[in-house]
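Residue numbers (the numbering used here), protein chains in the order written: chain E, 111 to 391; chain F, 111 to 391.
Here's the structure, in structure tokens; my notes come after.
2 protein chains.
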Amino acid sequence: MRELELLERIRKAAESGAAANISIIHSIGDDCAVIRPRPKEDLVFTTDFVLQGRHFLLEKQSADDIGHIALARSLSDLAAMGSEPLFCLISIAVPAELADKWLRGFYEGLLSLAVKHKITIAGGDLSRFDNVVADVMCCGRVPRGKAMLRSAAKPGDSIYVTGRLGAPKRPEPRVAEGVALRQAGVKACIDISDGLVIDLHRLCRASWVRADLEEVPIATGATLDDALHRGEDYELLFTTRETDLDGIRIGTIVKGKPGEVRYRRKPLPVKGFDHFDASSR
Amino acid sequence: MRELELLERIRKAAESGAAANISIIHSIGDDCAVIRPRPKEDLVFTTDFVLQGRHFLLEKQSADDIGHIALARSLSDLAAMGSEPLFCLISIAVPAELADKWLRGFYEGLLSLAVKHKITIAGGDLSRFDNVVADVMCCGRVPRGKAMLRSAAKPGDSIYVTGRLGAPKRPEPRVAEGVALRQAGVKACIDISDGLVIDLHRLCRASWVRADLEEVPIATGATLDDALHRGEDYELLFTTRETDLDGIRIGTIVKGKPGEVRYRRKPLPVKGFDHFDASSR
């Protein structure tokens with residue numbers, strides 16, 4: 111498929127499917143996308159790589175699945191802040207032989223998730239490269255000062271997750287759930303992208319608190335170790351004193367060594383923590 | 111260098127060097143960067159890949175140069191809209207053996223350009239990969255409705271560039287020049303990233319006009335062909351009826367076949383146009 115035809119498809123899909131988002135003034139085709147922010151709102155931004163051989167295997171996953179994952183990873187970060195998706199920029203580089211059919215499949219997977227969560231594709235970059243490399247930047251909005259943060263957990267909060275953990279699956283970012291939690295007054299949240307223990311550790315380190323896990327909801331077919339350490343769950347983990355929210359209670363935030371995570375009174379090793387790979391997410 | 115130490119360095123440089131940008135509420139370390147837009151301003155967004163072997167050669171260019179180029183490409187897009195830089199997100203993936211010294215050099219090149227143009231590093235993604243791959247997203251601000259566009263050239267406008275063309279050099283994005291042109295009332299602008307003719311063609315196609323080139327200012331050591339078709343100049347090309355602006359006059363916008371570029375009455379081929387590679391920039 112020629113580049114112009116592809117851009118035209120993206121433009122149409124973005125315009126038709128992903129809601130009449132009046133904030134976007136100029137889009138694909140100029141040097142930059144131009145956005146008109148609304149008053150009394152903060153904007154939140156996140157970017158995530160999806161790299162061949164690292165985040166997916168070209169020969170084992172469909173183009174559609176990879177497009178889905180590329181957007182899902184960034185949307186999940188928006189969900190963790192309790193923000194409504196606004197627009198995204200899609201940078202994608204592929205080998206010449208994948209420029210037609212594969213790229214169409216990639217965009218089909220990505221666009222169907224974009225339509226579902228009402229996020230507009232406002233631009234990006236398209237290039238040729240030996241490997242498939244995608245970088246998706248997502249922008250969302252929250253009422254001023256209301257973004258949920260990693261750093262807002264308080265001793266006495268209960269810890270909840272939005273679903274059972276540990277089974278590999280096609281990630282469904284918890285966008286609506288994130289918005290609902292924020293509206294219900296939840297202040298502290300993170301998405302489980304790298305694994306329950308490491309992401310809970312990050313939240314506790316940012317909040318200068320310890321977490322005592324009591325029960326961990328294990329997905330069908332998964333082990334306790336999967337539920338504790340396997341990533342790519344994309345469930346939200348949040349802490350609150352509210353007691354009437356949807357979610358599975360898994361433990362309590364307490365005063366203690368910042369970042370420590372205990373399970374049934376035993377400190378857990380923070381597995382999978384890779385200094386070099388850990389991103390600013 | 112460990113990831114935390116690197117993030118700390120970036121955080122400090124971003125906080126100290128790149129101006130007290132009160133729009134940025136939460137930065138590196140949370141799921142998303144949080145930005146508080148100012149009233150009566152539009153925000154502009156652009157993203158550009160810098161890929162090993164495609165946009166640079168690892169063995170021929172220093173890490174510092176590559177960091178500079180990675181940010182310069184996106185900053186140049188902000189300049190073309192006449193916007194003031196606000197913040198950027200840096201996604202970078204490198205092989206493990208480059209994670210220490212090389213990555214420090216990359217950030218040094220990038221940070222010194224960031225400080226110069228007062229753009230804050232608000233976050234990003236850091237990953238391991240077989241090749242060096244960077245994607246830089248830049249956000250800038252313009253007074254509401256005042257962004258310069260590719261689509262605003264009018265018959266009767268003179269065409270100008272901000273400098274001589276055709277010599278490869280370390281790109282210096284024309285950020286201050288872009289702001290000054292926008293403040294002087296210029297409406298139509300593009301940056302010359304892929305070559306004078308192809309970028310002028312893009313502007314003319316977007317504006318439904320033809321361009322008649324009369325004189326082309328050739329950089330020392332370059333040929334006319336270099337000046338017409340060589341990319342990576344990062345000068346701005348703008349069109350206006352104003353006559354007292356800084357810039358080198360190179361021709362006139364006329365009614366005619368949309369996108370056509372003539373040089374001394376002869377239509378020029380649009381060299382270097384690669385459908386697949388042409389991005390949405």
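Cβ atoms here follow ideal geometry from the backbone N, Cα and C, with glycine treated the same way.
- Look at residue 151 of chain F here: in three-state DSSP terms it is strand.
- Interface residue (Cβ-Cβ distance to chain E less than 8 Å): residue 143 of chain F is classified as such.
- Straight-line measurement puts the Cα of residue 180 of chain E at about 8 Å from the Cα of residue 158 of chain E.
- Flagged as an interface residue toward chain E: residue 243 of chain F, by a C-beta distance shorter than 8 Å.
- Taking 8 Å as the cut-off, the beta carbon of residue 260 of chain E is found closer than this to the beta carbon of residue 300 of chain E.
- Straight-line measurement puts the Cα of residue 330 of chain F at about 26 Å from the Cα of residue 184 of chain F.
- Around the beta-carbon of residue 379 of chain E, fewer than 16 other beta-carbon atoms lie within 10 Å, marking it exposed.
- Judged by their CB atoms, residue 152 of chain E and residue 146 of chain F are nearer to each other than the 8 Å cut-off.
- Nearest C-alpha to residue 204 of chain E among F/338, F/200, F/278 and F/161: F/161.
- Interface annotation, residue 199 of chain F: in contact with chain E, CB-CB separation under 8 Å.
- With the criterion set as a beta carbon lying under 8 Å from some beta carbon of chain E, the members of the region 154–179 of chain F are 154, 155, 156, 157, 158, 159, 161, 163 and 164, in sequence order.
- With respect to chain E, the C-beta atom of residue 239 of chain F has a partner C-beta closer than 8 Å.
- In this model, residue 237 of chain F and residue 356 of chain F are separated by some 43 Å (Cα to Cα).
- The CB of residue 356 of chain F never comes closer than 7 Å to any CB in chain E; the least such distance is about 20 Å.
- The beta carbon of residue 278 of chain E is closer than 8 Å to those of 340 and 342 in its chain, skipping five residues each way along the sequence.
- Rounded to the nearest angstrom, the Cβ distance from residue 198 of chain E to residue 258 of chain E is 20 Å, too far for a contact under 8 Å.
- Annotation: residue 307 of chain F is outside any beta strand (DSSP E); the continuous alpha helix (DSSP H) that includes it extends over 306–317.
- For residue 343 of chain E, no chain F residue has a C-beta closer than 7 Å to its own C-beta; the minimum C-beta separation is roughly 15 Å.
- Annotated three-state conformation of residue 240 of chain F is coil, per DSSP.
- At a cut-off of 8 Å, the C-beta of residue 278 of chain F has no neighbouring C-beta in chain E.
- Counting along the chain, residue 348 of chain E sits inside the beta strand (DSSP E) bounded by residues 346–350.
- Beyond the five residues adjoining it in sequence on each side, residue 273 of chain E comes within less than 6 Å, by CB distance, of 345 in the same chain, given in chain order.
- When the five nearest sequence neighbours on each side are left out, the beta carbons in the same chain lying within less than 6 Å of the beta carbon of residue 166 of chain F are those of 176, in order along the chain.
- Following the DSSP letters along the chain, one finds residue 285 of chain E inside the alpha helix (DSSP H) bounded by residues 285–293.
- By the neighbour-count criterion, in which a residue is buried when 16 or more other Cβ atoms sit within 10 angstroms of its Cβ, residue 255 of chain E is exposed.
- Within the region 139–223 of chain E, complete alpha helix (DSSP H) segments of at least 4 residues are found at 173–191, given in chain order.
- Taking 8 Å as the upper bound for CB-CB distance, residue 349 of chain E and residue 298 of chain E are in contact here, some 5 Å apart.
- For residue 337 of chain F, the three-state secondary structure derived from DSSP is helix.
- According to the DSSP assignment, residue 268 of chain F belongs to the beta strand (DSSP E) that extends over 268–271.
- Only residues of its own chain outside the window of five on either side were considered, and among them 328, 329, 332, 336, 337 and 340 have a CB closer than 6 Å to the CB of residue 276 of chain E, listed in chain order.
- Straight-line measurement puts the Cα of residue 308 of chain F at about 28 Å from the Cα of residue 220 of chain F.
- Per DSSP, reduced to three states, the secondary structure at residue 320 of chain E is strand.
- DSSP, read as helix, strand or coil, puts residue 226 of chain E in helix.
- For residue 147 of chain F, the residues of chain E that pass the 7 Å Cβ criterion are 147 and 153, in the order they occur in the chain.
- Annotation for residue 142 of chain E: no residue places its beta carbon closer than 7 Å to its own, counting only its chain and skipping 5 residues before and after.
- Leaving aside the five residues that flank residue 192 of chain E on each side, the residues in its chain whose CB is nearer than 8 Å to its CB run, in chain order, 252, 256, 257, 258, 288, 289, 291, 292, 293, 296 and 299.
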